[in-house]
Structures are given as structure tokens and as C-alpha cells.
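Only one structure is covered here, and it is reproduced in the block below.
There are 2 protein chains.
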Amino acid sequence: MRYTQLRSFHAVATAGGFNAASDAVHITQPTLTAQVGALEEEYGVDLFIKRGRRRELTDTGRQLLAITSRLFAEEEEAVAFLEQSRELKTGRLSIGAVGPYHVTEMLAAFNRAYPGIELAVKLGNSHDVLADLLDYKSDIAVLAHIDEDDRLLTVPYRRHPVGVFVRTDHPLAKRKNIKIASLEGEPLIIRETGSTTRRAFEQALTKAKIRPRIVMEIGSREAIREAVIRGLGISYVSEAEFVPDPSLRLIPIGDAEIFTYAHVVILQKRETSRIIRAFLEVVRKTKLSNAK
Amino acid sequence: MRYTQLRSFHAVATAGGFNAASDAVHITQPTLTAQVGALEEEYGVDLFIKRGRRRELTDTGRQLLAITSRLFAEEEEAVAFLEQSRELKTGRLSIGAVGPYHVTEMLAAFNRAYPGIELAVKLGNSHDVLADLLDYKSDIAVLAHIDEDDRLLTVPYRRHPVGVFVRTDHPLAKRKNIKIASLEGEPLIIRETGSTTRRAFEQALTKAKIRPRIVMEIGSREAIREAVIRGLGISYVSEAEFVPDPSLRLIPIGDAEIFTYAHVVILQKRETSRIIRAFLEVVRKTKLSNAK
DNA sequence: TATATCGCATAGAATAAATCTATCTATTTC
DNA sequence: GAAATAGATAGATTTATTCTATGCGATATA
């Protein structure tokens with residue numbers, strides 16, 4: 245009961261007359277007259293004075309106009325902001341990931357498509373990343389392995405072969421490809437329990453009935469890499485996560501299908517969120533173009 | 245179709261929930277739910293996320309809240325301004341006057357009664373002051389003499405006797421009161437044609453058949469005063485306008501009713517204006533208290 | 001100086017919105 | 001597991017908003 249009155253007043257004051265305002269805002273002149281009249285009536289003020297057959301702003305009207313100008317500028321800003329949000333020109337997306345390796349590509353692609361969206365990445369272990377997702381602290385999770393969960397919606401992103409890496413002076417270093425049997429009795433440095441790569445690798449070993457000599461268990465990719473460089477043993481890594489070094493060689497395993505997977509996970513409930521859908525769409529396209 | 249939605253959003257965001265907002269703004273919760281829902285629907289954005297049985301602001305929602313906070317602050321300011329205007333706690337009043345003498349008292353009284361109103365005084369000759377009034381350039385005119393005019397509403401304010409003033413060494417200087425006949429043959433300095441004081445004074449002289457010796461015509465009160473101080477002659481002035489000086493004496497004329505008048509004039513059409521009515525009321529009271 | 005035009009005011013009806021009551025579902029608390 | 005809490009949904013009702021039609025006074029035009 246007050247907003248439209250202010251809006252009518254503003255239109256009339258800006259357009260310089262009731263009929264002019266009527267054309268400008270596509271509201272009939274009697275409506276504007278009534279609204280402005282009601283405003284003047286309610287507050288007992290004169291906003292316009294009669295001057296011949298037209299009406300002109302009073303001092304009071306001019307002062308009010310200064311306020312309404314700011315008011316409607318804010319309203320326009322609110323609408324513009326919402327419009328932008330609709331077109332995903334602004335906003336924010338929080339992503340949790342177990343490692344930077346799989347997520348970087350997605351982020352780059354999404355940022356290309358929606359440069360206005362602020363991206364926040366939080367790295368953590370599988371459990372924490374999932375907890376953040378379930379707690380609405382992040383919008384997207386990028387995980388290797390996920391258990392079946394009704395609350396979640398999982399999109400497989402990509403699989404990476406797991407290879408073996410050795411020091412350049414190791415006998416296997418010159419091979420372009422090895423068989424899993426070559427690992428029998430080799431001094432192996434393994435990842436911590438719970439590592440998806442370790443699980444995948446051990447499954448393959450068990451299946452092939454190969455038993456390497458486990459010399460060490462280290463809970464960090466970087467530490468394992470150091471250990472291999474120092475010649476303490478050989479190890480394995482997802483090829484996507486391998487960081488090259490002059491003294492290291494990564495060797496694919498030819499006869500075993502060992503993979504780590506990257507999944508994009510969201511909350512089932514939030515499937516309809518525009519920004520989340522946009523992210524999943526970008527992921528889908530990235531996957532396709534990369535599969536070529 | 246959009247304002248109430250923003251208002252509902254703002255209420256919910258500020259109150260921290262739909263039911264809390266419902267209590268705060270006295271609008272039922274289903275209404276708020278619908279309004280916010282429509283806003284999210286129309287722009288395809290998530291402003292709140294479900295979190296257990298409550299809903300929390302999203303990043304987008306938080307950004308929108310920043311805008312709506314400013315928006316509704318402006319609206320409050322507009323309302324506050326209108327409220328103040330109603331109570332005449334703010335505003336502006338333009339007054340045109342032919343001289344500062346009569347108007348100062350009114351202004352002082354009005355300012356005491358309505359300290360928030362900004363007062364603007366423009367001095368000018370009778371014609372210009374009236375033109376400004378008719379042209380809505382001023383709200384009030386303070387004039388000496390006005391011709392009958394349907395468009396105007398005139399309130400007599402006060403009359404001031406016109407006296408004679410002479411140098412202290414003049415023969416009349418020791419008198420406390422003189423008769424108009426004493427002016428016969430006196431060297432008189434007169435005001436310009438059109439001066440109300442001159443008109444009133446000359447009418448009295450004619451009526452009494454007195455003929456002073458006119459030595460000079462000067463179009464400025466201040467210049468005439470200087471001329472009298474230098475002994476060039478004697479002159480007359482409205483007692484309200486007389487500026488005392490050690491070498492001058494103001495002497496009332498006992499047997500002639502010579503007055504100048506001050507009238508407050510407004511436009512008939514604007515009689516209902518709250519601020520103008522307030523001014524006239526102050527003028528009326530001032531006149532009464534001064535008549536004692 | 002009649003007459004057309006312009007700018008706004010008024011009355012009443014039609015439309016669109018905002019808001020309500022009643023009820024339901026999901027989540028949390030005790 | 002019952003009660004309480006926070007919000008969602010459906011349908012009816014009330015209230016604003018806007019419109020059409022017309023009138024009136026001031027100004028421009030012939």
C-alpha cells in the first residue's frame with residue numbers, strides 16, 4: 245500500500261508529468277493520479293502543485309525524489325543481480341575433492357564456461373569431503389570411490405590406469421610396459437589403508453596371485469615418491485597423479501586392468517540446483533571431449 | 245509482483261527463518277513461503293537451502309540480502325521523511341519581502357515553532373516579490389501595499405507609524421512630538437516614487453495642506469539617512485525601519501495618522517498547504533502577542 | 001472568441017495480487 | 001515413539017492495483 249505509491253510518484257516526478265509517466269511506465273494516468281494522491285493524502289504533504297494545467301514538484305517532492313531515486317536504483321540492482329544469477333554470471337560453487345589431480349580439469353572447464361562464478365576448492369580425505377557435501381558445506385564432491393548412498397547422486401568422471409614407478413637405475417626402468425608378474429618379490433612401498441589406489445592395486449595382485457615384498461607403508465603420495473627416489477623400493481600411482489622426476493620412471497602395467505576412478509558426487513536433493521546442474525553439464529562435456 | 249517477494253525474502257533472511265519472519269512482520273508463514281518460492285522460481289536461483297527442517301541462506305541469498313538491506317533502508321528513509329514532513333519537522337519555505345524590517349520577526353517566530361523548516365528569504369521590490377509569489381517561486385510574500393487580486397489572500401500583519409527624523413542640532417530635535425504643521429517649509433528629503441512610505445506621507449501632507457520644501461529625492465533609506473546626518477535636510481521613515489544614530493532623533497507626528505502597513509500575502513489556491521497554514525498561524529499569534 | 005487540445009481528476013468496474021485458514025510432511029527433541 | 005518444530009501445499013478470501021469511460025479547466029489554435 246505504499247510501495248506502488250512511491251513508484252508512481254517516482255515515475256511522475258521523473259517523467260515530468262502524469263501523462264508522460266503513463267507512457268513511460270505503461271500504467272494509465274488515472275492510476276498514477278490516484279497513487280500520488282493517496283500518498284499526499286496519507287502524509288498530508290504536497291508533492292506536486294498545480295501550475296496551469298500541469299503539476300510541478302514542490303520542494304518536498306524534490307526531496308522525496310532524491311530518496312526514491314536511490315530506492316529504485318537499489319531495486320534495479322536487486323533485479324539485475326537476480327538476472328545475472330539466473331544466467332550464472334555470478335555466484336559461488338564450493339567443491340570438495342580428495343586430491344587436486346582430478347578436479348583441476350573440471351574447474352578449468354567450468355571457469356571457462358562460467359567465468360563469473362567464484363570457485364572454492366577444499367581438499368581433504370574421502371570421509372571429510374563426503375561429510376562436507378552432506379552438510380551443505382560444499383556443493384560438489386570429487387571422490388575416487390563411493391559407497392552406495394540414497395542421498396547421493398554419483399556421476400562417473402574418468403578412470404586412470406595405475407602404473408608402477410621405479411628409480412632410473414632399477415632393472416625395470418628401461419621397460420616400456422611390464423606384466424604384473426614382474427612384481428613378484430619386488431620391494432614395494434604401499435599407501436595407507438583406505439587408499440583407493442592401494443585397494444585397486446591389491447585386488448589386481450591378489451587376482452594374479454602375485455606377492456611383492458612389502459617394505460614400507462606410507463600415508464602420503466609425496467613421501468612415497470621421496471622414498472622411491474632414495475631407492476627404498478618401488479611403488480604404484482595413478483598415472484594422473486604421477487609427478488615426473490629425472491630419477492623416476494613410470495611404467496604402465498600391460499596385463500592388468502588397474503584403475504582409479506574419479507566420481508563427481510552431489511546431493512540427490514540438490515539435483516535441481518541450477519548451478520549444480522551447470523557444473524554436471526560441464527563435467528559431462530569435458531568427459532566426452534577427453535574421451536576422443 | 246516483485247516487491248512483496250523481495251520484502252518476504254528480506255524478512256525471512258533477516259529473521260532467520262520463515263516462522264520467525266512470520267511473527268516479525270505479521271504475515272503468515274505460507275505467504276512467505278510462497279513469495280520466496282516465487283522469487284526463486286522466477287529467477288531460477290536458490291536463495292535458501294534445506295538444512296534439516298530449516299532453511300538457510302545460500303551464497304546467492306546472502307548477496308541478495310546485502311542489496312535488499314539497502315533497499316529497505318531507503319524505503320524507511322522515504323517513510324521517515326514523509327512522516328517528518330507531515331509534522332513539519334522538515335521542509336522549506338520561501339518568502340519574498342520588500343524589506344527585512346517586517347519579515348524578521350515573523351521568521352524568528354516561525355523558526356522557534358518549526359525549527360526543522362529551512363527558511364529562504366528573497367528581498368526585492370514590490371513587483372518582483374509579487375511576481376515570484378504568483379509564479380510559485382516563493383510561498384509567502386510580505387508586502388506593504390497590495391492591490392485587490394482574486395488570486396491572492398492577504399493577511400494584514402501590522403502597521404507602523406511614520407515619523408520624522410532630524411539631526412540633533414535641528415530645532416525640532418528636542419520635541420517629543422510634533423504636529424504635521426511644523427513641517428511647513430522644512431527642507432525635506434523624500435523617497436523615490438513608488439515607495440509606500442512616501443505615498444502615505446504625501447497623502448497626510450496633502451490632507452493637512454502642508455508644503456515642505458523638497459530638497460532631494462533619494463531611492464534608498466540608507467542614503468537618505470546619511471544625507472540627514474550631513475545636515476542636508478530632514479526626512480521621514482517608518483518607525484520600525486528607523487536605525488538609531490547618536491546624531492539623529494526620531495520624532496513621532498502627533499496629529500496625523502500616517503502608517504505603513506505590512507501584509508502577509510499568499511496564493512488563494514495554496515491556502516490549504518499545511519506549511520503555509522502553519523506560517524499564517526504563527527503570524528497570527530505573533531500579531532496578537534505583539535498587540536498587547 | 002469559439003473550438004480543439006492538453007493535462008489531469010473522478011467514478012465505477014474488472015483484474016490481479018497478496019494474504020489467510022486448514023492441513024500435511026519432514027525433522028528434531030524429549 | 002510421542003510431541004514439538006519448521007516449513008510446504010491447497011484452496012478460498014480479501015485487498016490492491018489497474019483499467020475504461022468520462023469530466024473539467026487551462027492553453028493553444030483557427
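Heads up: the protein sequence lines correspond to chains Y and V, in order. The first sequence begins at 245 in the working numbering and counts up one residue at a time. The second sequence begins at 245 in the working numbering and counts up one residue at a time. We put the CB at the ideal spot given by N, CA and C, even for glycine. No experiment lies behind these values; they were computed from the predicted model shown.
Rounded separation between A268 (chain V) and L250 (chain V) - CA only: Per the coordinates, the alpha-carbon of A268 (chain V) lies some 16 Å from the alpha-carbon of L250 (chain V).
Contact under 8 Å by Cβ, S479 (chain Y) with I468 (chain Y): Yes; because the gap between Cβ atoms is below 8 Å, this pair is in contact.
Contact between the region 504-519 of chain Y and the region 376-395 of chain Y (3+ Cβ pairs under 8 Å): As far as the Cβ criterion goes, the region 504-519 of chain Y touches the region 376-395 of chain Y, which means the pair count is three or higher.
Alpha-carbon spacing of A506 (chain V) relative to A341 (chain V), whole angstroms: Within the model, the alpha-carbon separation for A506 (chain V) versus A341 (chain V) is close to 10 Å.
Rounded straight-line distance, which links the Cα of A425 (chain V) to that of A452 (chain V): Looking at the two C-alpha atoms, the distance is approximately 8 Å.
Whole-angstrom distance between L291 (chain V) and R299 (chain V), CA atom to CA atom: Answer to the nearest angstrom: the Cα atoms are 9 Å apart.
Residue-chain proximity (Y247 (chain Y), chain V), Cβ-Cβ < 8 Å: Answer yes: the Cβ-Cβ gap between Y247 (chain Y) and chain V drops below 8 Å somewhere.
Beta-ladder partner(s) of L511 (chain V), from DSSP: L511 (chain V) pairs with V:L396.
C-alpha gap between I361 (chain Y) and R314 (chain V), whole angstroms: Rounded to whole angstroms, the gap between the alpha carbons of I361 (chain Y) and R314 (chain V) is 24 Å.
Where the beta strand (DSSP E) containing V481 (chain V) begins and where it ends: First-last of the beta strand (DSSP E) with V481 (chain V): 479-482.
Any chain V beta carbon closer than 8 Å to K513 (chain Y): Residue-level contact check: K513 (chain Y) touches chain V, since one or more beta carbons of chain V fall below 8 Å from its beta carbon.
Cβ of V365 (chain Y) within 8 Å of any chain V Cβ: Taking a beta-carbon distance threshold of 8 Å, V365 (chain Y) does not count as an interface residue toward chain V.
R411 (chain Y) - DSSP class collapsed to helix/strand/coil: R411 (chain Y): strand per DSSP, three-state reduction.
Span of the beta strand (DSSP E) around P490 (chain Y): Unbroken run through P490 (chain Y): none, as it is neither H nor E.
Cβ-based contacts, 7 Å cut-off: residues of the region 493-524 of chain Y near chain V: Sequence-ordered contacts of the region 493-524 of chain Y with chain V read K513, S517, R518 [C-beta pairs closer than 7 Å].
Top-ranked residue by Cα proximity to Q273 (chain V), from V:Y287, V:A484, V:V256: Nearest of V:Y287, V:A484, V:V256 to Q273 (chain V), Cα basis: V:V256.
Endpoints, the beta strand (DSSP E) within which P431 (chain V) is located: Where P431 (chain V) is concerned, the enclosing beta strand (DSSP E) stretches over 431-434.
Contact between the region 321-338 of chain V and the region 306-313 of chain V (3+ Cβ pairs under 8 Å): The count of Cβ pairs closer than 8 Å, one atom from the region 321-338 of chain V and one from the region 306-313 of chain V, stays below three, leaving the stretches out of contact.
Neighbourhood of G463 (chain V) by C-beta distance below 6 Å, restricted to the same chain and skipping five residues each side: So the qualifying residues of the chain are E436.
Under 7 Å (Cβ pairs) to chain Y, residues found in the region 291-314 of chain V: Cβ contacts with chain Y: I293, K294, R295, D303, T304, Q307, L308, I311, T312, R314.
Alpha-carbon to alpha-carbon, S491 (chain V) and Q328 (chain V): Those two C-alpha atoms are separated by around 51 Å.
Contact with chain V by S252 (chain Y), beta-carbon distance below 8 Å: So no, S252 (chain Y) is outside the interface.
Contact list for V289 (chain Y) against chain V, beta-carbon separation under 8 Å: For V289 (chain Y), the C-beta contacts it makes with chain V under 8 Å involve L326, S329, R330, R518, in order along the chain.
CA nearest to the CA of A322 (chain Y), picked from V:F316, V:L326, V:A322: Of V:F316, V:L326, V:A322, the residue nearest in Cα terms is V:F316.
Cβ neighbours of I473 (chain Y) in the same chain (closer than 6 Å, five flanking residues each side left out): Sequence-distant Cβ neighbours of I473 (chain Y) in its own chain, meaning closer than 6 Å and more than five residues away, are S491.
Cβ contact check for the region 491-503 of chain V and the region 396-410 of chain V: 3 or more pairs under 8 Å: With a cut-off of 8 Å, the region 396-410 of chain V and the region 491-503 of chain V count as touching, because enough Cβ pairs lie within range.
Rounded straight-line distance, which links the Cα of A324 (chain Y) to that of A282 (chain Y): In a straight line, the C-alpha of A282 (chain Y) is about 30 Å away from that of A324 (chain Y).
Exposed unless 16 or more other CB atoms sit within 10 angstroms - verdict on I241 (chain Y): A query on residue 241 (chain Y) cannot be resolved here, the shown segment of chain Y reaching from 245 to 536 and no further.
With 16 other Cβ atoms within 10 Å as the buried cut-off, status of G296 (chain V): Per the 10 Å Cβ criterion, exposed.
6 Å Cβ shell around A417 (chain V) - same chain, five flanking residues per side excluded: Cβ within range, chain order: V410, R493.
Cutoff 8 Å; reference T412 (chain V); Cβ partners in own chain excluding five residues on either side: Cβ within range, chain order: P490, S491, L492, R493.
Candidates V:R356, V:K366, V:I519: closest to V289 (chain Y) by CA position: Cα-wise, what sits closest to V289 (chain Y) is V:I519.
Min CB distance R395 (chain V) to chain Y below 8 Å: No, R395 (chain V) lies away from the interface with chain Y (no Cβ there is under 8 Å from its Cβ).
Extent of the continuous alpha helix (DSSP H) to which A444 (chain Y) belongs: Counted as a single uninterrupted DSSP element, the alpha helix (DSSP H) harbouring A444 (chain Y) occupies residues 440-452.
Beta carbon proximity, R336 (chain Y) to chain V, threshold 8 Å: Yes, its Cβ sits closer than 8 Å to a Cβ of chain V.
Proximity test, Cβ basis, 8 Å: A322 (chain V) and chain Y: At least one chain Y Cβ lies under 8 Å of A322 (chain V).
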